[in-house]
Amino acid sequence: ECVPSYNDILLMLVARTLKEQPQLNACWYHDGVWTYREINIALAVDTTAGLVAPVLRNVEQLTLQQIATQTRSLITCAQTGSVSQSQLDGGTFTMTSLGTFGIDAFSPIVNLPQAGILGVGRIVQEPVVRDQRIEIGTTLTLSLTFDHRVVDGAPAARWLQRLTELIAAGHLI
77 ECVPSYNDIL
87 LMLVARTLKE
97 QPQLNACWYH
107 DGVWTYREIN
117 IALAVDTTAG
127 LVAPVLRNVE
137 QLTLQQIATQ
147 TRSLITCAQT
157 GSVSQSQLDG
167 GTFTMTSLGT
177 FGIDAFSPIV
187 NLPQAGILGV
197 GRIVQEPVVR
207 DQRIEIGTTL
217 TLSLTFDHRV
227 VDGAPAARWL
237 QRLTELIAAG
247 HLI
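Residue 249, in the numbering used here, is where the sequence shown stops; the numbers in between run on with no holes.
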């Protein structure tokens with residue numbers, strides 16, 4: 077049994093946020109915007125052959141343990157070159173993390189035709205101001221890139237705000 081990582085917890089919270097605010101759980105096609113009920117999150121994985129984005133399916137229905145187990149399996153398949161085309165198809169949103177490389181913030185590129193991608197930086201301890209006092213706090217930088225043909229800035233900002241609320245409520249850090 078594998079231990080869930082911060083990214084696994086984030087995947088669960090991203091799925092919850094996409095379910096509550098589905099505008100970003102969508103794709104842009106030649107005939108317009110398709111919004112999806114099922115939440116299929118593509119995971120950006122670094123491999124010797126380059127970036128591969130296998131899809132974790134129906135994330136909104138999975139437990140944290142199932143997310144952790146299935147994520148490890150998809151990452152292993154991607155890194156060993158045994159990922160199938162069916163494991164790469166059908167993503168409705170993408171999450172990419174560069175935190176393990178010591179990166180705090182970056183601007184990910186949307187994985188077309190999807191409407192959005194969430195970039196996850198590293199989790200760091202640094203000075204923060206709380207109640208007019210400086211103390212050491214835990215911070216995480218998230219970067220949301222989205223297709224303006226699908227969603228405007230304000231709904232995208234509300235989506236990111238909701239995800240941030242879930243994280244700040246203690247669901248992640």
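Where is the CB? At the ideal position from N, CA and C, for every residue including glycine.
Query, Result
"Apart from the five residues on each side of it in sequence, which residues of its chain come closer than 8 Å, Cβ to Cβ, to I151?", "L119, V121, P130"
"Mapping the DSSP letters down to three states, classify D122 as helix, strand or coil.", "strand"
"Given that a residue counts as buried once 16 or more other Cβ atoms are within 10 Å of its Cβ, and exposed if not, what is L188?", "exposed"
"Report the residue ranges of all alpha helix (DSSP H) runs contained in full by the region 153-203; include only those spanning at least 4 residues, in chain order.", "161-164"
"If we call anything under 7 Å between Cβ atoms a contact, is Q201 one with T214?", "yes"
"On the premise that L174 lies in contact with P80, defined as a C-beta separation below 8 Å, what is that separation, rounded to the nearest angstrom?", "The Cβ separation is near 20 Å, so there is no contact."
"Roughly how many angstroms lie between the CA atoms of L127 and D207, to the nearest whole one?", "43 Å"
"Would you mind sorting F64 into buried or exposed? The rule is 16 or more other CB atoms within 10 Å of its CB.", "In the structure displayed, the chain extends from 77 to 249; residue 64 sits before or after that span and is not available."
"My assumption, with CB atoms under 8 Å, is that Q89 sits in contact with L242. Please give the rounded CB distance.", "Here the sequence assigns Leu to residue 89, which means Gln is not the residue at that position. Indeed they touch by this definition, with Cβ atoms about 5 Å apart."
"Between A244 and the rest of its own chain, which residues show a CB-CB distance below 8 Å, the 5 nearest in sequence each way excluded?", "none"
"Compute the Euclidean distance between the alpha carbons of H224 and G167, then round it to the nearest angstrom.", "18 Å"
"Would you call Q190 buried or exposed, if buried means 16 or more other Cβ atoms sit within 10 Å of its Cβ?", "buried"
"Just to confirm, is the Cβ distance from L239 to T93 under 7 Å?", "yes"
"How many angstroms separate the CA atom of I212 from the CA atom of V205?", "8 Å"
"Applying the 10 Å Cβ sphere with the 16-neighbour rule, what's the burial state of A230?", "exposed"
"Could you check where the beta strand (DSSP E) with L105 kicks off and where it finishes?", "One detail in the question is off: residue 105 reads as Tyr in this sequence, not Leu. Unbroken beta strand (DSSP E) run through Y105: 102-105."
"The alpha helix (DSSP H) spanning R238 covers which residue range?", "229-242"
"Looking at the secondary structure, which residues open and close the beta strand (DSSP E) in which V109 lies?", "108-111"
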